[in-house]
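Right, one structure below, let's go through it.
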Amino acid sequence: MSRLPPVSRRELIERLNRLGFEGPYMGGRHQFMLRGDRRLILPNPHQGEISVDLLARLLRQSGVSREECWQSDPKPPNPQPTQPTRHAINALTL
1 MSRLPPVSRR ELIERLNRLG FEGPYMGGRH QFMLRGDRRL ILPNPHQGEI SVDLLARLLR
61 QSGVSREECW QSDPKPPNPQ PTQPTRHAIN ALTL
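In full-length UniProt numbering, the protein residues as written are 1 to 94.
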């Protein structure tokens, strides 16, 4: 079983969205996300990261395996920045 790293709330939401969860939606004291008939209650926003223990419990409640969660990379690869062409530079200076 792969070891889980602590993650930010934002990264967790991005990963869950890629796995088919919808939301987050407002509800009571906590936001939640939906996938089919599953309702996953999210921790409230805070400055720190979500601990490994809490992350493991959230994944278990969501029915998502650790491997499945980490295969859904939330950050698409960044393309290498290209140098602006002379025509683009001239258009900006006009």
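Using N, Cα and C, we set each Cβ at its ideal position, and we do this for glycine too. No experiment lies behind these values; they were computed from the predicted model shown.
Report back the beta-carbon spacing between residue i and residue j to the nearest angstrom; my notes put them in contact at under 8 angstroms.
{"i": "residue 58", "j": "residue 34", "result": "The pair is not a contact, with the Cβ atoms about 14 angstroms apart (cut-off 8 angstroms)."}
{"i": "residue 66", "j": "residue 16", "result": "Residue 66 to residue 16, Cβ: 13 angstroms. No contact."}
With distances taken Cα to Cα, identify the nearest neighbour of residue i among the options.
{"i": "residue 8", "options": "70, 50, 60, 67", "result": "50"}
{"i": "residue 45", "options": "53, 60, 22, 29", "result": "29"}
{"i": "residue 37", "options": "22, 26, 47", "result": "22"}
{"i": "residue 31", "options": "56, 13, 55", "result": "13"}
{"i": "residue 26", "options": "69, 11, 42", "result": "42"}
Could you name the residues that DSSP lists as bridge partners for residue i?
{"i": "residue 22", "result": "34"}
Handout entry: Segments assigned alpha helix (DSSP H), at least 4 residues, entirely inside the region 33 to 79
Key = 52 to 62, 66 to 71
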